[in-house]
């Protein structure tokens, strides 16, 4: 079933979500920039690979909860993220997150509403941030990725921008020394005609692995012979 065909009512439909940059979003990003400037030096590579308009999925390896910070601060576009639904139960956090472009997802289950909302982000020509692994690797290397990112790209016929991040797991470990974080954007991947979600997922993950140190490549460390 196409993700956009599911029309079951969800309590989250009662809330208002934004598909544009808001003044609150700009304030939050400015505040985070000032804060993380004190604890992080950010090296960004491959900015020339970033499409500046149109629907886009940014797909990143996931080492720590802090990944979203360098991910957004390095990109010249607003990123809309999924966030674990538990965080949205707190009134003020709920308001801030929704106005900053975040939307809730129930992890550990197939959340049709979250996937529909992600599709809406792309339908509005915005940037969707995704972690294909679905959970943090905690420095153990890439885990087996889920196919949701690829499915969205295929359905929306939009590019996936692979983003490799290293160093975010070192935040606060050597304070007051600043942590060096590297973000590398790779050439965008466009879905091929008749390409399956699994095939596109493999292309994405092997591309990510190629930009990571060997110890972070995990299950994608060795590309199968003849792949690609």
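Numbering (this note's numbering), first residue to last: 11 to 238.
Ideal placement from N, C-alpha and C gives every residue a C-beta, glycine not left out.
Treat the numbers as computed from the prediction; the structure is a model and nothing was measured.
- Under the three-state reduction of DSSP, residue 49 is assigned to coil, being neither helix nor strand.
- Taking 4 residues as the shortest admissible run, the region 178-226 contains the following complete alpha helix (DSSP H) segments, listed from N- to C-terminal end: 207-220.
- 88 is the residue among 82, 72, 88, 100 whose C-alpha sits nearest the C-alpha of residue 64.
- Per DSSP, residue 93 is one residue of the beta strand (DSSP E) stretching across 89-94.
- For the pair residue 192 and residue 46, the Cα-to-Cα distance works out to about 14 Å.
- Comparing alpha carbon positions, the residue from 21, 50, 20, 43 closest to residue 185 is 50.
- In the three-state reduction of the DSSP assignment, residue 139 falls in the strand class.
- Excluding residues up to 5 positions away in sequence, 88 lie with their Cβ nearer than 7 Å to the Cβ of residue 31 in the same chain.
- Cβ-Cβ separation between residue 176 and residue 142: approximately 17 Å, too far for a contact (criterion under 8 Å).
- For residue 145 and residue 152, the gap between their C-alpha atoms comes out near 10 Å.
- Residue 101 sits exposed, since fewer than 16 C-beta atoms from the chains shown fall within 10 Å of its C-beta.
- With respect to the C-alpha of residue 106, the residue from 28, 199, 215, 219 having the closest C-alpha is 28.
- Here the alpha carbon of residue 237 sits roughly 34 Å from the alpha carbon of residue 134.
- Taking C-beta atoms under 8 Å as the contact rule, residue 208 and residue 159 fail to qualify, at a distance of about 12 Å.
- In the DSSP assignment, residue 80 falls within the alpha helix (DSSP H) that extends over 78-83.
- Only residues of its own chain outside the window of five on either side were considered, and among them 192 have a CB closer than 6 Å to the CB of residue 53, listed in chain order.
- In the DSSP annotation of this structure, residue 27 is not part of any alpha helix (DSSP H), being labelled neither H nor E.
- For residue 152, there is no enclosing alpha helix (DSSP H), as DSSP gives it neither H nor E.
- Contact holds between the region 160-176 and the region 194-205, because three or more Cβ pairs, one in each stretch, are under 8 Å apart.
- If you draw a straight line from the Cα of residue 136 to the Cα of residue 68, it comes to about 11 Å.
- According to DSSP, residue 168 shares a beta bridge with no other residue.
- Around the beta carbon of residue 80, 16 or more other beta carbons sit within 10 angstroms, so the residue counts as buried.
- By the CB criterion at 8 Å, residue 82 and residue 44 fall outside the cutoff.
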